[in-house]
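Counting in the numbering used here, the sequence shown runs without a single skipped number right up to 659 at its last residue. Cβ atoms here follow ideal geometry from the backbone N, Cα and C, with glycine treated the same way. Computed from a predicted structure; not experimentally measured. Here's the structure we're looking at; comments come further down.
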Amino acid sequence: MVDDTCNILVVEPLGVPAENREAFIATLQYTLETAIQAVYKLEADELDSERLGKVSIC
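And the structure:
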């Protein structure tokens, strides 16, 4: 069992659509987390994601 939380990936999407931006960010977050779990064969409790700050429109 490994208890390590030092790896981090920060993603700042640019050009987030103004309409439904919360849904867009939620979908992106879920998709990235699911893809990383699949590629690295991780269990659901081995990877966590969270949002930092607020979504801005660029």
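Annotation: the continuous alpha helix (DSSP H) that includes A624 extends over 622-640.
Two segments are said to touch when three or more pairs of C-beta atoms, one from each, lie closer than 8 Å; by this definition the segment 631-640 touches the segment 648-656.
The straight-line gap separating the alpha-carbon atoms of Q630 and A645 is approximately 14 Å.
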